[in-house]
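Number of protein chains: 2
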Amino acid sequence: MDGTDRGGRRETGDDAVAKPTLRTIAELTGLAVTTVSRALGGAPQIALETRQKVQRVAEEIGYLPDRAAQRLRTGRTNVITLVLDPHEEILGFSTSLIRGLTEALRNTAYHLVVTPHFANAPSTDPVRHIMRNRMADGIVFSRTEPFDERVKLLLEHDFPFVCHGRTELGTPHPYVDFDNYSFSYEATKRLIGSGRKRLAIIMPPRRFTFFQHVQYGFMSAVRESGVSFELAEGVDLDSSAADIQAQVFQRLGEPNPPDGYVCGGEVSALAVMAAISDRGLNPGRDIGIVAKRTSGLFNLVRPQIDTIYEDITDAGWQMGRALLAAIAGRDPNELQILQKPELNFVATT
Amino acid sequence: MDGTDRGGRRETGDDAVAKPTLRTIAELTGLAVTTVSRALGGAPQIALETRQKVQRVAEEIGYLPDRAAQRLRTGRTNVITLVLDPHEEILGFSTSLIRGLTEALRNTAYHLVVTPHFANAPSTDPVRHIMRNRMADGIVFSRTEPFDERVKLLLEHDFPFVCHGRTELGTPHPYVDFDNYSFSYEATKRLIGSGRKRLAIIMPPRRFTFFQHVQYGFMSAVRESGVSFELAEGVDLDSSAADIQAQVFQRLGEPNPPDGYVCGGEVSALAVMAAISDRGLNPGRDIGIVAKRTSGLFNLVRPQIDTIYEDITDAGWQMGRALLAAIAGRDPNELQILQKPELNFVATT
DNA sequence: CTGTGAATTTATAACGATATAAATCAGGTT
DNA sequence: AACCTGATTTATATCGTTATAAATTCACAG
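Residue numbers (this note's numbering), protein chains in the order written: chain A, -2 to 346; chain B, -2 to 346.
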């Protein structure tokens, strides 16, 4: 008669008690709903006594604010979205990132939504969609390009985000990046230091910002010592393992093959190792390898090879923290983080 | 004066146009908001002409329903939550699961929220929290136990869920499981068939349902042929790789060591391989290994070993579809899926 | 006793959608 | 022409919260 309805909700068993709302607390304390809201929301100009009473009652009845209502009223979603890339097929890059992110969001009001970026669709699609529908308060993504369209779009709309990797746009924005220059420089030096004479490197795809950092590090080290070198042709870190394997395999059958490889990822490193093994050679001894690793996998792979560690879980954590700061309005210049590599070289016998 | 406010929202640039709502469409078409809502919602008793007009206008202005408002009014969240386990350190189990889930949710109204289950906290915590705050319409989780507390709780509250793995509770409920009996049976037969005489197996932790399936498959195969066997003592699939490695290493130095290993996961398989290599033996030749794999990793590991494939992406996809069906109220008996293993045995030379 | 201003509290109106019930319209009967 | 019936459309109330503005309380000066 009064139009009351249960909103079509599914009753959750017989012990289902009416969910406590601000109104419940208001009735119990004899205060107005507004007052309760402000008391819990930390608004000024609420008598200390009142605030404490409200907080006590809220605690007692296990009140938790209704996210949907808050979101509808305030426009804040309390959600941050990770745009998941269709790459990273085999290993746990995303898992580590997610682990770090959830850790950073622990005990905050924020939830993590994971949304895929489907192959073939423009990279800006998920970002557009999220902004247009206000589906999140902030966005996290990886595989940043020097003039990344997503970054441009987000900057234009003044929408909070943190990306994994830098850009070359003039505008400062938050990011977490790994020092890929140091990685490839140190990796290359290591190979040179162990007497390798012709170095090859499997590069990231050209379009990513870190392509240049990796190249620069490699070239610097190579030039300093004058050894000969090549960039693995026709394949990159996004190539299928089979393609990388084939390329390396073929190259090893040609004149003047590389005797040292720098690999920017675990899959490529395994592919290179497999190709070397399949030629009857011993990876790490006959042909040197230094790989970037992002997990504990290479502790278990035999023979052991030199690796340089990029801590993705930490990156996720940093990105989470930076994003929260960005949402809170902190200066982006303070939210630019560069992770240092950790060298794990096998003891030389 | 009329109390209108912008809800504290951040303006998104100068091109920020008022976000289209039902009201916008109502004004453009001259219909009532209610009619528009019902036309778009597929309600019956709407004139075909009206419906088409509304849909056309909605399309034109790019209307998308406000999730928060729908959620507040209907109590449906359009969210499904994946409870992420703190295990699965190295490899991409969760990534694959998430990939499958997002694929299943593609073009549905549902979003995927990932929430961690922090170590040390009771496994029921995340489930309780989600149900209590109606934070999702359905839940997905893995590592199911025979008398799983989460399953009990969810069944009690009649809350939609799908778990990875079965239970031994009498009540039927949706699940996606892998045929671990076949896995270990076939793995064991393979070792026996290649002449191994003393088999060892690294078991899942006792508390999981699939412990029993794995054990049963192993024991069946072993009994049929009468070879001797052992269960790796003191370690299981959740042990650190280092511990597994140490155990195997030690065992190989004792009298009557195993000459064949069944490994239920990629990490344990690598650990076993590493231990064998470190003893100067050749994995796969001197000591047989059959491992369950959940990624393409073992295509790249040398020497190649026999594997049996569990398709986790497919499992995620199945779980997503089953969960949507469960939310729609389908009979749980129709939502019990058993995945078949795929044998990838290395060609014998 | 009254007026003043600061400190608190409260009433009201939204946010955008949908469930319910009531109202309108068309077409055919009698 | 008045009446009924079924097909459509619409008005109203509500989900739980918060922004705004108005109202109340209280201590104290005049």
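Even for Gly, the Cβ is constructed at its ideal location relative to N, Cα and C.
Whose C-beta lies closer than 7 Å to the C-beta of aspartate 82 (chain A) among residues of the same chain, with five residues either side of it excluded? His114, Ser139, Arg140
Please list the partners that arginine 68 (chain B) has in chain A, where partner means a Cβ-to-Cβ separation under 7 Å. Ala65
In chain B, what lies closer than 9 Å to methionine 270 (chain A) by C-beta? Leu297, Val298, Arg299
Whole angstroms are fine: how far does the CA of leucine 321 (chain A) sit from the CA of threonine 347 (chain B)? Residue coverage of chain B in this structure runs from -2 to 346, which leaves residue 347 (chain B) outside it and unanswerable.
For glycine 0 (chain B) and threonine 164 (chain A), I'd like the C-alpha separation in whole angstroms. Here glycine 0 (chain B) scores only 36 on pLDDT, less than 50, and its place in the model is too uncertain to base an answer on.
Use the C-beta contact count for valine 343 (chain B): other C-beta atoms within 10 angstroms, 16 or more gives buried, fewer gives exposed. With fewer than 16 Cβ atoms within 10 Å of its Cβ, valine 343 (chain B) is classed as exposed.
Mapping the DSSP letters down to three states, classify leucine 234 (chain A) as helix, strand or coil. coil
Answer with yes or no whether the minimum CB distance from asparagine 253 (chain B) to chain A is below 8 Å. no
Simplified DSSP assignment, three categories, for asparagine 341 (chain A): Looking at asparagine 341 (chain A) - three-state DSSP - the assignment turns out to be strand.
Measure the C-alpha to C-alpha separation of leucine 249 (chain A) and asparagine 279 (chain A) and round it to an integer number of angstroms. 13 Å
Can you tell me which residues form a DSSP beta bridge with histidine 161 (chain B)? B:Val173
Tell me, please, whether the segment 258 to 269 of chain A touches the segment 283 to 293 of chain A by the rule of three or more beta-carbon pairs shorter than 8 Å. Yes, since at least three Cβ pairs between the segment 258 to 269 of chain A and the segment 283 to 293 of chain A fall closer than 8 Å, the two stretches touch.
Sub-8 Å separation of glycine 281 (chain B) and proline 300 (chain B) beta-carbons: Yes; because the gap between Cβ atoms is below 8 Å, this pair is in contact.
Closest Cα partner of leucine 294 (chain A) within the set A:Asp235, A:Leu267, A:Trp314: A:Leu267
Give the secondary structure of aspartate 275 (chain B) by DSSP, where H, G and I count as helix, E and B as strand, and everything else as coil. Aspartate 275 (chain B): helix per DSSP, three-state reduction.
Enclosing beta strand (DSSP E) for serine 120 (chain A) [first to last residue]: Segment: none, serine 120 (chain A) is in no beta strand (DSSP E) and carries neither H nor E.
Neighbourhood of proline 329 (chain A) by C-beta, 6 Å cutoff - its chain only, sequence neighbours within 5 removed: Pro169, His170, Pro171
With 7 Å as the limit, tell me which residues of the segment 220 to 238 of chain A have their beta carbon closer than that to any beta carbon of chain B; keep them in chain order. Ala238
Select from A:Val124, A:Leu25, A:Leu188 the residue whose C-alpha is nearest the C-alpha of threonine 304 (chain A). A:Leu188
Return the chain-ordered list of same chain residues with a C-beta closer than 6 Å to the C-beta of arginine 193 (chain A), the five sequence neighbours on each side being excluded. Once the five neighbours on either side are set aside, the close Cβ partners of arginine 193 (chain A) are Asp256, Gly257, Gly285.
Selected residue, minimal CA-CA separation from valine 137 (chain A), among A:Val33, A:Arg131, A:Val111: A:Val111
Give the secondary structure of proline 329 (chain A) by DSSP, where H, G and I count as helix, E and B as strand, and everything else as coil. helix
Select from A:Gln42, A:Ala229, A:Val232, A:Leu37 the residue whose C-alpha is nearest the C-alpha of glutamine 49 (chain A). A:Leu37
Answer yes or no: do phenylalanine 215 (chain B) and serine 265 (chain B) have a C-beta to C-beta separation smaller than 8 Å? no
On the DSSP letters alone, give me the boundaries of the beta strand (DSSP E) that arginine 290 (chain A) sits inside. 285 to 290
Assign threonine 185 (chain A) to one of three DSSP states: helix, strand, or coil. helix
Threonine 92 (chain A) and serine 91 (chain B) closer than 8 Å at C-beta: It is a contact, given that the beta carbons lie within the stated cut-off.
At the 8 Å Cβ level, is threonine 26 (chain A) part of the contact set with chain B, yes or no? no
How is glutamine 315 (chain B) classed by DSSP in three states: helix, strand or coil? helix
Throw me the rounded Cβ distance for the phenylalanine 144 (chain A) and leucine 109 (chain A) pair, which I believe falls under 8 Å. In this structure, phenylalanine 144 (chain A) and leucine 109 (chain A) do not form a Cβ contact; the two beta carbons are roughly 28 Å apart against a cut-off of 8 Å.
Scan the segment 99 to 116 of chain A for residues whose Cβ lies nearer than 8 Å to a Cβ of chain B and list them as they occur along the chain. Thr99, Glu100, Arg103, His108, Leu109, Val110, Val111, Thr112, Pro113, Phe115
Is the beta carbon of alanine 197 (chain B) less than 8 Å from the beta carbon of alanine 229 (chain B)? yes
If you count every other CB in all the chains shown that lies within 10 Å of the CB of serine 236 (chain B), and 16 or more means buried, which is it? Burial of serine 236 (chain B) is indicated by the presence of at least 16 other C-beta atoms within 10 angstroms of its C-beta.
What residues from chain A crowd round serine 91 (chain B), counting only those whose CB sits closer than 8 Å? Gly89, Ser91, Thr92, Ile95
I want to know whether the segment 62 to 72 of chain A touches the segment 68 to 76 of chain B - three or more CB-CB distances under 8 Å. yes
Less than 8 Å between CB atoms is the rule here; does glycine 190 (chain A) satisfy it with respect to chain B? At a cut-off of 8 Å between beta-carbon atoms, glycine 190 (chain A) makes no contact with chain B.
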